[in-house]
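The structure appears below as structure tokens.
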Amino acid sequence: MKKTGLILATTSLAGLAFTVQAQEEADFITLASTTSTENSGLFDHINPQFTEATGIEVRVVAVGTGQAFEIARRGDADSLLVHDTTGEEKFVSEGYGTERADVMYNDFVVIGPEDDPAGIADAETVEEAFSLIAEDEAAFASRGDDSGTNRAELRLWEAAGVEPDGEWYRELGSGMGPTLNTAAGMEAYVMSDRATWVAFENPQDLTILFEGDEALFNQYGSILIDPERHPHLKHDLAEQWHEWLLSEEGQQAIGEFEVKDQQLFFPNAAE
1 MKKTGLILAT TSLAGLAFTV QAQEEADFIT LASTTSTENS GLFDHINPQF TEATGIEVRV
61 VAVGTGQAFE IARRGDADSL LVHDTTGEEK FVSEGYGTER ADVMYNDFVV IGPEDDPAGI
121 ADAETVEEAF SLIAEDEAAF ASRGDDSGTN RAELRLWEAA GVEPDGEWYR ELGSGMGPTL
181 NTAAGMEAYV MSDRATWVAF ENPQDLTILF EGDEALFNQY GSILIDPERH PHLKHDLAEQ
241 WHEWLLSEEG QQAIGEFEVK DQQLFFPNAA E
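For the sequence shown, position 133 (counting from the first letter as 1) is numbered 133 according to our numbering, and the numbering increases by one without interruption.
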């Protein structure tokens with residue numbers, strides 16, 4: 001009898017341990033997001049606040065927006081936070097997402113060497129700035145990775161009537177931070193989201209040469225993934241993350257994030 005009791009006690013403890021482990025493993029979500037939100041340090045600022053409020057950990061997979069969409073389509077992420085509104089709306093309309101909401105915005109900037117060989121600082125529009133770079137065949141470093149930034153850049157070349165090619169146009173297939181490093185080494189022009197640029201620590205001779213055009217507006221959106229398509233995902237936890245981002249608490253956390261005394265993201269869920 002004593003042996004049987006010991007076996008039962010051991011079994012009960014093993015079951016309890018399994019339950020605790022399963023609970024611990026359940027209390028996190030995988031978020032597919034962009035290198036700009038990760039490289040800027042935003043998640044280091046807001047994620048602990050969300051975890052403190054809910055007990056849910058957010059594990060970020062930081063990739064280009066195009067790759068983030070693919071991860072979510074495969075069912076390998078519980079939630080999405082990206083910056084390509086057209087692609088986001090398509091993701092939802094194709095049945096992969098159930099809801100998309102504006103979360104925050106900032107802008108893109110065009111960066112280049114201080115001596116500005118193509119003279120883009122005098123341009124009146126970003127399309128004119130891109131045209132001047134192409135006419136001068138000045139070195140331009142493109143992410144070339146189907147990210148939200150890369151997609152925005154390609155739309156601007158198209159608006160400028162330019163099909164970028166040739167030795168002057170370098171498609172790197174890399175994230176924003178590595179692309180800025182390459183541009184600094186090449187003394188090349190490059191388009192970046194402002195947040196990554198402000199947080200960048202290796203500018204060398206690079207500086208912002210063009211900014212402020214409405215076409216450089218950069219909106220970020222949060223998407224809930226369709227539970228019918230991927231029922232194995234942690235939809236209840238992901239919805240708590242989504243709703244927190246849109247809440248007064250989440251929006252305040254985003255607005256309070258600064259690097260070098262500059263606010264990098266501007267909450268606009270209420271709008």
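All C-beta atoms, glycine included, are put in the ideal place defined by N, C-alpha and C. Note that the structure is predicted; figures quoted are calculated from it, not measured.
query                                                                                               : result
At least three beta-carbon pairs within less than 8 Å, the stretch 40-54 to the stretch 222-231     : no
Local conformation of Gln219 per DSSP, three classes                                                : strand
Glu24, DSSP secondary structure in three states                                                     : With a pLDDT of only 49 at Glu24, under 50, the local geometry of the prediction cannot be trusted, and no value is derived from it.
Span of the beta strand (DSSP E) around Val60                                                       : 57-63
Inter-residue Cα distance where the pair is Ala152 and Thr125                                       : 15 Å
Burial state of Ala22, where buried means 16 or more other Cβ atoms lie within 10 Å                 : The predicted position of Ala22 is uncertain, since its pLDDT is 43 and thus under 50; a value taken from the coordinates is nonetheless stated next. Label assigned to Ala22: exposed.
Simplified DSSP state of Asp107, which is helix, strand or coil                                     : strand
Beta-carbon proximity of Val278 to Pro267, cut-off 9 Å                                              : This structure gives no information on residue 278, because the portion of the chain shown stretches from 1 to 271.
Ala138 beta carbon less than 9 Å from that of Gly112                                                : yes
Rounded distance between the beta-carbons of Phe69 and Gly87, thought under 8 Å                     : 6 Å
Cβ-based burial, Glu24 [other Cβ within 10 Å; buried from 16]                                       : Here the model assigns Glu24 a pLDDT of 49, short of 50, so the residue's position is not dependable, and the following value carries that caveat. The residue in question, Glu24, is exposed, as its Cβ has fewer than 16 Cβ neighbours within 10 Å.
Exposed unless 16 or more other CB atoms sit within 10 angstroms - verdict on Glu38                 : buried
Gly112 - DSSP class collapsed to helix/strand/coil                                                  : strand
Contact belief for Ala72 with Ala32 at Cβ below 8 Å, rounded distance in angstroms                  : 5 Å
Close Cβ partners of Leu132 (< 7 Å) along its chain, the five nearest in sequence each way excluded : Ala118, Gly119, Ile120, Ala123
7 Å CB neighbourhood of Ala9 in its chain, flanking five on each side removed                       : Any reading at Ala9 must be qualified, since the residue scores a pLDDT of 47, below 50, and its modelled position is unreliable; no value is offered.
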